[in-house]
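Down below is the structure, laid out as structure tokens.
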Amino acid sequence: MSRVAKQPISLPKGVELTVAADAISVKGPKGTLSVHHLPGVTVTVDNGVATIGLDEGTDDKFGGTARALLANMVQGVSAGYERKLELVGVGYRASMAGKALNLSLGFSHPVVFDAPEGISIETPTQTEILIKGTDKQVVGQVAAKIRGFRPPEPYKGKGVRYAGEKITLKEAKKA
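Mind the numbering: the sequence shown is residues 1 to 175 in our numbering, read in order.
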């Protein structure tokens, strides 16, 4: 068994992990998440600690994956995930209109992005976007999709970037 799969998952107060025949679900104060059972993997819960086990004679390739998925689900329903984006460029702005994110990114038209179910988007300032949710994969996918509307260009660094992302600028063409 992998080193990752051997580590137990501690369940915070108010988080319940339920193992059914076809799926594993985690319920907490921020919502409920579930994942399909991976083949050859067994999950046991004792005194607020979940452990991963492998069936006899099976390959151990899903042990670490199952543990990582369950740990991400536990953190998602207890604390949640958030991703911050920054808009860099003259006239680049973001604003919320209901559940729709309106982006002015230098195009001739505004870009409108509708937030999927379970994701909340906030704009603390005109140049910051905060994406929050319980599912780590969905939060990252939404952030990548918004960044994909205008990724940072390599000459001036203008565009949508993750908070703290370093952009290596290229040198301009010389005459």
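The beta carbon of each residue, even a glycine, is placed where N, CA and C say it ideally should be.
Residues bridged to residue i by DSSP?
i              : result
arginine 161   : Glu86
leucine 33     : Val26
asparagine 102 : Ser95 and Val112
valine 49      : Ser10 and Asp46
Residue range of the alpha helix (DSSP H) that residue i falls in?
i              : result
isoleucine 146 : 136-148
valine 15      : Careful: valine 15 lies outside any alpha helix (DSSP H) and carries neither H nor E.
Taking the beta carbon of residue i as the centre, do at least 16 other beta carbons fall within 10 Å, making it buried, or is it exposed?
i             : result
glycine 164   : exposed
aspartate 135 : buried
alanine 20    : exposed
Which residues in the same chain have their Cβ closer than 6 angstroms to the Cβ of residue i, if we skip the five residues on either side of it in sequence?
i             : result
glycine 53    : Thr42
glutamine 126 : Arg93
arginine 161  : Glu86 and Pro152
leucine 101   : Phe113 and Ile121
methionine 96 : Thr123
Less than 8 angstroms between the CB atoms is what I'm expecting for residue i and residue j, so what's the real figure, rounded?
i             : j          : result
arginine 201  : valine 139 : A question about residue 201 goes unanswered here, because the residues of the chain that appear run from 1 up to 175.
isoleucine 24 : serine 10  : About 16 angstroms; that fails the 8 angstroms criterion.
glycine 28    : valine 77  : 3 angstroms
aspartate 59  : glycine 40 : 7 angstroms
Along the chain, where does the beta strand (DSSP E) containing residue i start, and where does it finish?
i          : result
leucine 70 : Note, leucine 70: premise wrong, no beta strand (DSSP E); alpha helix (DSSP H) at 63-78.
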